[in-house]
Amino acid sequence: MNWVVRRIINLVLTIFISVSVTFFIVRIMPGNPIDTLIQEYLMEGYSYREALTAVHSIIGYMPDQPLHIQYIDYWKALLRGDLGRSVSLATSVAQILGFAIPWTVFIVSISLLLSFALGVALGVYAAYRRGSLFDHSISVFASISRSIPPYIIGVVFVVFLAVQLRLFPAYGPYGGGVTPGFTLQFIGSVLYHAALPVITYIVTTFGGWMLAMKSNTVSVLGEYYVVAAKARGLPDRRISLTYVGRNAILPLFTRFAISIGYMFGGVVFVETIFSYPGIGSYLSYALRVRDWTLMTGCFLLITIAVVVSNFVADLLYSRLDPRIRFSAK
Amino acid sequence: MEAKGLTKMKKGISRELQSWVSQSRFTFKILKRDRTGLVGLSIIVFFALMAIIGPEIYPLEMMPHPEDRFLPPSLEHPLGTDFAGRDTLAQIIHGSRSVMTVAFLSGLFVVLISIVLGISSGYIGGKLDMVMMRIVDVFLTIPSFPLLVIIAASVNRVLNPVEIALIIAVVQWAGLTRAIRSQVLSIREENYIESVQCLGLGAFHIIFNEIFPSLKPYISMSLCLTIVNAIYSQVGLYFLGIMPYTSVNWGAMLNIALYRQSGLLNTKVWPYLFSPVICVILVQTGFILFLHTLEEIFNPRLRSEAA
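For the protein sequence lines, the chains are A and B, in the order given. Residues 1 to 329 (the working numbering) are what the first sequence spells out, left to right. Residues 1 to 307 (the working numbering) are what the second sequence spells out, left to right.
Here is the structure:
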């Protein structure tokens, strides 16, 4: 099977299963949220018919129809881009998500790039000085920091750096007195407010990049073409960049997929702790108030973001390394 | 006939025992040289003991004592008291039981699921393998923590540790299953498997006596990593405050400290806020350090490099 076709099948299948899982979780579990919602309307004095219509206007399908018709109606609404109305915020879920997604993409992409760059740089450096004190301490630090949950690091940062030392703002996407627009002041404020969430991400993710880059570099350093390059008297800088670096960095691109998934997963914590108005914040808000339409909307959007960026990362990787395209046939 | 069988069994047991003794002696030797591994193991043992016997000797009292609220650490309250004048150390100790139980059970479930699915997928191959790997792909792509919170939030009652561990295992089994399957694929091509097949020994023998032993190192390392992930997930679940709970839990303590006691602004909350923070950091560090030593034990190449 063609490699790209297989990736596309995986993409479609993943989205399909996520949608189905969320539908059935919300719809068929005993004491499920939709039934609870109907109950709430009945308690407020609505008639059963009115309650059903009210719920229909929220979720986009009729809760008293057979399950498969509800399921099909749910899909129809989704394909129209209709994610239902938020139970607690009285606007459409799509609108809320449209407001939230830029902030999340902004934070996640900046963190991903910075932690990648930092991890690669430290990894190469540690590989060249392997066995040194720097190598040992940075390797131990990297593997420990990677395993500490982002909410733990976020809490420590917010308490010390934001509240006690007042070095960084503790919440929000930009300062209160700043008007959004293409001004230097606004951009500066946005970056300043993004600093702590981004640093939290970097601390928890650079370790993976660093350790992988280190072990790749160490194994590339043992290759004959590196020895040959040295024998030819090429400058060290050129050897480390074009001979060692380029070959060692290649396998890291396969990790992008895992890393993107991890970061979108961690978004729930990081944005909640720093009150950053992205999807993660809305998801954790929706979870707390049991706003099911908003919750499933956030989940679907996160899944789609992860799946699509995985797909793009895979395509890029196959561009960079032709062996992938040919070996997978 | 019977006596012969008995001596054979005895011999078998003594051989097992011998190999176990020599193995643990060897492990101990590496641990002695490798200080970080020893530190890691001590941390794990410390928290395991805290979880097993701690609650029996250090009672938890959740009755509020408003006159004792936010006491600083003292002999009577080693970690101070919370907003209702209750002992923080007692909550940490009793919380460790639920954290460690869920972590261990999730690790066990993930490992069991992955062994069964991974080995059968890799060994049987064919259509089963293809279908299984498509499912694994899907589970690997769906972001696991958001899926976990949705499932956890949809169950509207207090869950016991086994149920929480099962939910965590459901979102985490895919990675290890894929890894075990690819290991089995490569082991299956080894010469010694071929010779065993020529001897006419059945699939059962091949899987349990030939393939499984070479998977053991990998599985025990993965168990460590799965436990680390499980602690991340469950403390996170309680931290977000989306699951009802009855007993104390580190994640719930974090949530209460930050969002109900304004732990951000009030420095008097710090002992209560940072106790679970430090415990989580310590446990995770312990498992990661121990994992490094396991890697060295099972991978002689790393060992000689370190020496």
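All C-beta atoms, glycine included, are put in the ideal place defined by N, C-alpha and C. Treat the numbers as computed from the prediction; the structure is a model and nothing was measured.
- Query: Helix, strand or coil: which one does DSSP assign to Ile87/B?
  - Reply: On the second sequence, position 87 is the one that residue 87/B refers to. The question names Ile, but residue 87/B in the sequence shown is Asp. Of the three classes helix, strand and coil, the one that applies to Asp87/B here is strand, per DSSP.
- Query: Tell me which same chain residues have a C-beta within less than 6 angstroms of the C-beta of Ala307/B, skipping the five on either side of it?
  - Reply: Along the second sequence, read from residue 1 onward, the residue named residue 307/B stands at position 307. Because Ala307/B sits at a pLDDT of 35, beneath the cut-off of 50, its placement in the model cannot be relied upon, and the following sentence gives the value as read from the coordinates. Excluding sequence neighbours, Ala307/B sits near nothing in its chain.
- Message: Let me check one thing: in DSSP terms, what residues is Thr81/B bridge-paired to?
- Response: In the second sequence, residue 81/B corresponds to position 81, counting from 1. Beta-bridge pairing links Thr81/B to Asp87/B.
- Query: Can you tell me whether DSSP reads Ser92/A as helix, strand or coil?
  - Reply: Position 92 of the first sequence, counted from the first residue, corresponds to residue 92/A. Reduced to three states, the DSSP call for Ser92/A is strand.
- Bridge partners - Arg85/A, DSSP secondary structure assignment: Taking the first sequence and counting its residues from 1, one reaches residue 85/A at position 85. Per DSSP, Ser92/A.
- Query: Hey, does Thr141/B have any beta-carbon neighbour from chain A nearer than 7 angstroms?
  - Reply: Working through the second sequence from its first residue, we reach residue 141/B at position 141. Chain A contact via Cβ: present.
- Query: Can you tell me whether DSSP reads Asn209/B as helix, strand or coil?
  - Reply: The count along the second sequence starts at 1 and reaches residue 209/B at position 209. Helix at Asn209/B.
- Task: Starting from Thr272/A, follow the alpha helix (DSSP H) in both directions and report where the run begins and ends.
- Result: Translated into the one-based positions of the first sequence, residue 272/A becomes position 272. First-last of the alpha helix (DSSP H) with Thr272/A: 252-273.
- Item | Closer than 9 angstroms at the beta carbon, the chain B residues around Ser284/A | Against the first sequence, residue 284/A aligns to sequence position 284. Per Cβ cutoff of 9 angstroms: Val149, Leu240, Gly241, Ile242.
- By the 10 Å Cβ neighbour count, where 16 or more other Cβ atoms means buried, how is Tyr192/B classified, buried or exposed? Here residue 192/B refers to the residue found at position 192 of the second sequence. So Tyr192/B ends up on the exposed side.
- Chain-order list of residues whose beta-carbon lies under 6 angstroms from that of Leu37/A (same chain, five-residue window excluded): What you label residue 37/A is simply residue 37 of the first sequence in a count that begins at 1. Cβ within range, chain order: Val55.
- Task: Closer than 9 angstroms by beta-carbon distance: list the chain A residues that pair up with Thr36/B, in chain order.
- Result: The residue labelled residue 36/B in the question sits at position 36 within the second sequence. Within 9 angstroms Cβ-Cβ: Val140.
- Establish whether the CB of Val306/A and some CB of chain B are separated by less than 7 angstroms. Stepping through the first sequence from its first residue, residue 306/A is reached at position 306. With 7 angstroms as the cut-off, Val306/A counts as an interface residue toward chain B.
- Query: What in chain A is Cβ-close to Val228/B, meaning under 8 angstroms?
  - Reply: Indexing the second sequence from 1 puts residue 228/B at position 228. The answer, in chain order, is Ser147.
- Message: As a quick exercise: from Ile151/B, Ile93/B, Val184/B, pick the residue whose alpha carbon is nearest that of Ile168/B.
- Response: Position 168 of the second sequence, counted from the first residue, corresponds to residue 168/B. It is Ile151/B.
- Buried versus exposed call for Arg260/B [16 or more other C-beta atoms within 10 Å across all chains shown]: Indexing the second sequence from 1 puts residue 260/B at position 260. So Arg260/B counts as exposed.
- Item | CB contact check: Leu83/A to chain B, cutoff 7 angstroms | The residue given as residue 83/A occupies position 83 in the first sequence. Closer than 7 angstroms: no.
- Which parts of the segment 200-256 of chain A are runs of the alpha helix (DSSP H), unbroken and 4 residues or longer, counting only runs that do not cross its ends? 224-231, 246-249
- Query: Secondary structure at Leu289/B, three-state DSSP: helix, strand or coil?
  - Reply: The residue given as residue 289/B occupies position 289 in the second sequence. Residue state, collapsed to three classes: helix.
- Item | Test: Ala153/B CB closer than 7 angstroms to a CB of chain A | Within the second sequence, the letter at position 153 stands for residue 153/B. Cβ-Cβ to chain A under 7 angstroms: yes for Ala153/B.
- Query: Would DSSP call Ser74/B helix, strand or coil?
  - Reply: Within the second sequence, residue 74/B is the residue found at index 74, counting from 1. Coil at Ser74/B, not helix or strand.
- Query: What is the DSSP secondary structure of Asn160/B, reduced to helix, strand or coil?
  - Reply: Residue numbering aside, residue 160/B sits at position 160 when the second sequence is read from its first letter. Three-state DSSP puts Asn160/B in coil, outside helix and strand.
- May I have the straight-line CA-CA distance separating Thr242/A from Asp236/A, to the nearest angstrom? By 1-based counting over the first sequence, the position of residue 242/A is 242. By 1-based counting over the first sequence, the position of residue 236/A is 236. About 10 angstroms.
- Message: Which residues in chain A have a C-beta closer than 8 angstroms to the C-beta of Pro146/B? List them in chain order.
- Response: Indexing the second sequence from 1 puts residue 146/B at position 146. The answer, in chain order, is Phe264, Gly265, Val268, Leu283, Cys298, Phe299, Ile302, Thr303.
- Message: Please report the distance separating the alpha-carbon of Val155/A from that of Ile273/A.
- Response: Within the first sequence, numbered from 1, the residue matching residue 155/A stands at position 155. Within the first sequence, numbered from 1, the residue matching residue 273/A stands at position 273. Straight-line Cα distance between these residues: approximately 7 angstroms.
- Rounded C-beta distance between Gly278/A and Thr104/A? I'm assuming under 8 angstroms. Reading the first sequence from its first residue, position 278 is the one you call residue 278/A. Reading the first sequence from its first residue, position 104 is the one you call residue 104/A. Yes, they are in contact, since the Cβ atoms of Gly278/A and Thr104/A sit about 3 angstroms apart, within 8 angstroms.
- Helix, strand or coil: how does DSSP classify His94/B here? Translated into the one-based positions of the second sequence, residue 94/B becomes position 94. Helix.
- Query: Does the pairing of the segment 282-295 of chain A with the segment 86-98 of chain A give three or more beta-carbon distances under 8 angstroms?
  - Reply: yes
- Limits of the alpha helix (DSSP H) - the one that Lys76/A falls within: Position 76 of the first sequence, counted from the start, is the residue given in the question as residue 76/A. Element bounds for Lys76/A: 67-79.
- Close beta carbons around Arg166/A, own chain, < 6 angstroms, minus the five adjacent residues each side: The sequence position of residue 166/A within the first sequence is 166, counting from 1. Closer than 6 angstroms at the Cβ level, and outside the excluded window around Arg166/A, lies no residue.
- Message: Please list the terminal residues of the continuous alpha helix (DSSP H) segment that includes Phe134/A.
- Response: Within the first sequence, residue 134/A is the residue found at index 134, counting from 1. Counting along the chain, the alpha helix (DSSP H) containing Phe134/A begins and ends at 133-147.
- Task: Kindly list the residues whose CB is nearer than 7 angstroms to the CB of Ser220/B, restricted to its own chain and excluding five residues on each side of it in sequence; keep chain order.
- Result: Locating residue 220/B in the second sequence gives position 220, where the first residue counts as 1. Cβ within range, chain order: Leu294.
- Item | Segment contact flag, the segment 218-233 of chain A with the segment 157-172 of chain A, C-beta cutoff 8 angstroms, min 3 pairs | no
- Message: Between Gly118/B and Phe290/B, how many whole angstroms is the CB-CB distance? I'm expecting something under 8 angstroms.
- Response: If you number the second sequence from 1, residue 118/B lands on position 118. If you number the second sequence from 1, residue 290/B lands on position 290. About 23 angstroms separates the two Cβ atoms, so there is no contact after all.
- Message: Which residues in chain B have a C-beta closer than 8 angstroms to the C-beta of Met295/A? List them in chain order.
- Response: To locate residue 295/A, count along the first sequence from 1; it is residue 295. Under the 8 angstroms cutoff, chain B gives Ile150, Ala153.
- Task: Express the C-alpha separation of Ser120/B and Thr217/A in angstroms, rounding to a whole number.
- Result: Walking along the first sequence from the start, residue 217/A turns up at place 217. Walking along the second sequence from the start, residue 120/B turns up at place 120. Each residue's alpha carbon lies about 35 angstroms from the other.
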